[in-house]
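Structure first, then comments.
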Amino acid sequence: HVCYVSEAEALQLAPRPDWALISITEPGRDAPLVAPFLWGALLRIRFADAEYDAAMLAKGFPCSRHAVTIRDFLTRLDAAPHITGLVVHCHAGQRRSAAVAKYACETLGAAGFDPSYQGYNKTVYALLRNPDAFAMS
3 HVCYVSEAEA LQLAPRPDWA LISITEPGRD APLVAPFLWG ALLRIRFADA EYDAAMLAKG
63 FPCSRHAVTI RDFLTRLDAA PHITGLVVHC HAGQRRSAAV AKYACETLGA AGFDPSYQGY
123 NKTVYALLRN PDAFAMS
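Note that the working numbering gives residue 19 to position 17 of the sequence shown, counting from 1, and the numbers run on in steps of one.
As structure tokens, then:
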């Protein structure tokens, strides 16, 4: 099962050794997670909630490096039989985390993403599907 939540909600969760957590924050800070070492697996990653336009391309975020890191983490989760669920959080729990949850559900064949929800970050999702989607030539 995969779920996506806000940072405030994630901070209220009791860590579980059979669940993984992807903690998405803005550049330069980490979420103050309680006992992060108690999660079965944890990925902390930092990138802004931005959609691509010329200005964002010039700044390089979110970027293919972030997508590859998340994809690699999900591959490791898929091979870890003790992990039975995944929580993804970002600040509001609506865009970055939803994009990662959507991709994770599709990739892992898991439940937890409402296919009618369209508020996910389209750039993050496109990068997860193809890390070279916005490569500059």
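Think of the CB as a built atom: it goes at the ideal place given N, C-alpha and C, for glycine as much as any other residue.
Where the beta strand (DSSP E) through residue i begins and ends
i	result
S66	Taken as a continuous stretch (DSSP letters only), S66 belongs to no beta strand (DSSP E), being part of the alpha helix (DSSP H) at 66-80.
Residues that DSSP places opposite residue i in a beta bridge
i	result
W21	G87
V7	H91
A43	A22
Own chain residues within Cβ distance below 8 Å of residue i, not counting five before or after
i	result
L13	A33, P34, L35, V36
S139	Confidence at S139 is low in this model, with a pLDDT of 48, below 50, so its placement is unreliable and the value that follows should be read with caution. The answer is none, since no qualifying residue turns up.
Close beta carbons around residue i, own chain, < 7 Å, minus the five adjacent residues each side
i	result
T77	none
E108	none
Whether residue i touches residue j by CB criterion (8 Å)
i	j	result
T125	E53	yes
G85	I47	Reading off the sequence shown, one finds Ile at residue 85, where the question assumed Gly. Going by C-beta atoms, I85 is not nearer than 8 Å to I47.
Y105	R67	no
Selection from the options that minimises the alpha carbon distance to residue i
i	options	result
R18	Y105, G30, V89	V89
R97	G30, R67, D74, F115	F115
G95	Y119, G111, R67	Y119
N-terminal and C-terminal residue of the alpha helix (DSSP H) that residue i is part of
i	result
L129	124-131
V102	98-110
Other residues of its chain near residue i: CB distance less than 6 Å, five sequence neighbours each side excluded
i	result
L44	L23, P38
C92	I26, R98, S99
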